[in-house]
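In what follows, a single structure is set out as structure tokens and then discussed.
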DNA sequence: GCCGAAGTAGACAATTCGGTCTACTTGTTT
DNA sequence: AAACAAGTAGACCGAATTGTCTACTTCGGC
């Protein structure tokens, strides 16, 4: 793994996630990372290519964190509880792997890139599919309905936390799913 | 109501909602609306002030549309059904008052404006609170739990529709809430 | 008609944007 | 040491950004 390339992706991801992709120009990324512009364009064809690399990195770290949090679940009830407690920790800045909570990087990115056919938008969609698959992997014989419910509530909890500043949604999701 | 001001807000709202606020500069709004720059700055102190006006207009039209869709509901079950069918229509571009579906303007705006203390972010939060109050107004003796569940699922359905391109979430939310 | 308000086209300013490039240095491999 | 890859500072480019301004026209009220 190339070290300069990694520094660029790390720096860009942090800045993009914190401020929004269209609010951070490449010159700011270069300034913070201390890397030369030509080096950036040596590794990435364009800003969009850098954005895609940040999405991939975020996808990877999010999914690794999620799998870690769902590991050792013994029942579906535990999967659900662990999932939403993980979300709660994320919203409360208690998931250092994910950084300071600034909503979902993939939702935010979808908001900033309006063309659904772009690689960037498609990657955001892909991420959501991957998260669903990970949850399914930890559940025992899950129905599609249960999976759907979990995913909708997960998305809802994230938006509630970020837009409405209501961090209590995960607890409510657990209760709701326990009545399912 | 001033006609030039209204044209500016209409035009800006359409462009912002379709492309994202940071992807549309004021020169583009002026070009599309055919209005002079000095006129824009006569009516608004800054781009941010124009953004806030678009949020207010969107908030108003969304809430009027929602109230219209929830009107005549006779039971809580009907409120829920009408709410999520309304969302379904919105996602499927069958709510002309709301324009072509491009996610939730308030979620998208929160993504683009990262400072939670800004008037713009606060307005997005205010909108979510208003929608919750409208739903509560149409429900008969709703518990806080029911209201919470409805709001979380509503947010989840919107994100599922926009990011994951899954338009079936509203139907699933109805089923889930019927088990509540 | 007069006057002030509202509106116009578009130049200007300083800055930023994403990307290309020159001329050079540093690091790695043979 | 030589050759090549990787990296550097930063100038340059054309375009775009937000906001200010000049000089003028149009509109509406009296």
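Chains as they are written, first to last, in this note's numbering: chain A, 27 to 206; chain B, 27 to 206. Heads up, the beta-carbon is just placed ideally off N, CA and C, and yes, glycines get one too. The structure presented is a predicted model; accordingly, all values stated were derived computationally and were not measured.
1) Using the Cα positions of residue 75(A) and residue 146(A), report the straight-line distance between them to the nearest angstrom.
2) Could you please give the first and the last residue of the uninterrupted alpha helix (DSSP H) stretch that includes residue 170(B)?
3) Tell me which residue opens and which closes the alpha helix (DSSP H) that residue 29(B) is part of.
4) From the DSSP output, in three-state form, read off residue 50(B) for me.
5) Report back the beta-carbon spacing between residue 39(A) and residue 52(A) to the nearest angstrom; my notes put them in contact at under 8 Å.
6) For residue 176(B) and residue 183(B), I'd like the C-alpha separation in whole angstroms.
7) Whose C-beta lies closer than 6 Å to the C-beta of residue 73(B) among residues of the same chain, with five residues either side of it excluded?
8) I need the straight-line Cα distance from residue 200(A) to residue 161(B), nearest angstrom please.
9) So residue 108(B) is in the alpha helix (DSSP H); what residue range does that whole segment cover?
10) Quick check: residue 108(B) and residue 96(B), are their CB atoms within less than 7 Å of each other?
11) Which residues, in chain order, does the region 79-112 of chain B contribute to contact with chain A at a C-beta distance below 8 Å?
12) Does chain B have any CB closer than 7 Å to the CB of residue 60(A)?
13) In this structure, how does DSSP classify residue 55(A) when only helix, strand and coil are distinguished?
14) Give the straight-line distance between the Cα atoms of residue 34(B) and residue 41(B), rounded to the nearest whole angstrom.
15) Taking Cβ-Cβ distances below 9 Å as the criterion, which residues of the region 116-139 of chain B are in contact with chain A?
16) Given a cut-off of 7 Å on the beta-carbon distance, is the pair residue 237(A) and residue 126(B) in contact?
17) Is it right to say residue 37(A) is buried, meaning 16 or more other beta carbons lie within 10 angstroms of its own, or is it exposed?
18) Measure the alpha-carbon distance for residue 140(B) versus residue 169(A) and round it to whole angstroms.
19) Quick one: grab the DSSP three-state call for residue 136(A).
20) When Cβ atoms are compared, which residues of the region 189-200 of chain B fall closer than 9 Å to chain A?
21) Indicate whether residue 77(B) and residue 55(B) have their beta-carbon atoms separated by less than 7 Å.
22) With 8 Å as the C-beta to C-beta threshold (strictly closer), list the residues of the region 168-190 of chain A near chain B in chain order.
23) Is residue 160(A) helix, strand or coil when you go by DSSP?
24) Does any residue of chain A bring its CB to less than 7 Å from the CB of residue 202(B)?
25) Could you give the first and the last residue of the continuous alpha helix (DSSP H) run that contains residue 61(B)?
26) Using the C-alpha atoms, what's the distance from residue 57(B) back to residue 92(A)?
27) With a threshold of 16 other CB atoms inside 10 Å of the CB of residue 119(B), please say whether the residue is buried or exposed.
28) Does residue 101(B) pass the burial test, meaning 16 or more other C-beta atoms within 10 Å, or should it be called exposed?
29) Residue 127(B) by DSSP, collapsed to three states: which one?
30) In three-state terms, what does DSSP make of residue 96(A)?
31) Does the Cβ of residue 223(A) have 16 or more other Cβ atoms within 10 Å, making it buried, or fewer, making it exposed?
32) Going by other Cβ atoms of all chains shown within 10 Å of its Cβ, with 16 needed for buried, is residue 138(B) buried or exposed?
33) Skipping 5 residues on each side, what residues in its chain have a beta carbon closer than 6 Å to that of residue 179(A)?
34) For residue 72(B), which of helix, strand or coil comes out of DSSP?
With the structure as the only source:
1) Rounded to whole angstroms, residue 75(A) to residue 146(A) spans 9 Å at the Cα level.
2) Note, residue 170(B): alpha helix (DSSP H), 170-188.
3) Per DSSP, the continuous alpha helix (DSSP H) segment holding residue 29(B) begins and ends at 29-45.
4) In the structure shown, residue 50(B) sits in coil (DSSP, three-state: anything other than H, G, I, E or B).
5) That pair is no contact at about 14 Å.
6) Rounded to the nearest angstrom, the two C-alpha atoms are 10 Å apart.
7) Excluding sequence neighbours, residue 73(B) sits near 52.
8) Cα to Cα, the separation comes out at about 22 Å.
9) Counting along the chain, residue 108(B) sits inside the alpha helix (DSSP H) bounded by residues 102-117.
10) A contact, by the Cβ cut-off of 7 Å.
11) From the region 79-112 of chain B, no residue has a Cβ closer than 8 Å to chain A.
12) Not a single CB atom of chain B sits nearer than 7 Å to the CB of residue 60(A).
13) DSSP, read as helix, strand or coil, puts residue 55(A) in helix.
14) Rounded to the nearest angstrom, the two C-alpha atoms are 11 Å apart.
15) The residues in question are 128, 129, 130, 132, 133, 134, 135, 136, 137, 138 and 139.
16) Past the boundaries of the shown model lies residue 237(A); chain A is included only from 27 to 206, so the question cannot be answered.
17) Residue 37(A) comes out buried.
18) Those two C-alpha atoms are separated by around 37 Å.
19) Helix at residue 136(A).
20) Of all residues in the region 189-200 of chain B, the ones placed with a Cβ closer than 9 Å to any Cβ belonging to chain A are 189, 190, 191, 192, 194, 195, 198 and 199, in chain order.
21) No, the Cβ-Cβ distance between residue 77(B) and residue 55(B) is not below 7 Å.
22) Within the region 168-190 of chain A, contact with chain B at the beta-carbon level (separation under 8 Å) is assigned to 171, 174, 175, 177, 178, 179, 180, 181, 182, 183, 184, 185, 186, 188, 189 and 190.
23) DSSP places residue 160(A) in the helix class (H, G or I) of the three-state scheme.
24) Interface residue, yes.
25) Looking at the DSSP string, residue 61(B) is not in any alpha helix (DSSP H), and its letter there is neither H nor E.
26) Whole-angstrom Cα-Cα distance: 47 Å.
27) Its Cβ having fewer than 16 others within 10 Å, residue 119(B) is exposed.
28) By the neighbour-count rule (16 or more Cβ atoms within 10 Å), residue 101(B) is not buried but exposed.
29) Correct three-state label for residue 127(B): coil.
30) Helix.
31) Since the first residue shown for chain A is 27 and the last is 206, residue 223(A) is missing from the structure and cannot be characterised.
32) Around the beta carbon of residue 138(B), a 10 Å sphere encloses 16 or more other beta carbons of the protein chains shown; the residue is thus reported as buried.
33) Setting aside the 5 residues that flank it on each side, residue 179(A) is surrounded in the same chain by 199, each with a C-beta closer than 6 Å to its C-beta; the list follows chain order.
34) Coil.
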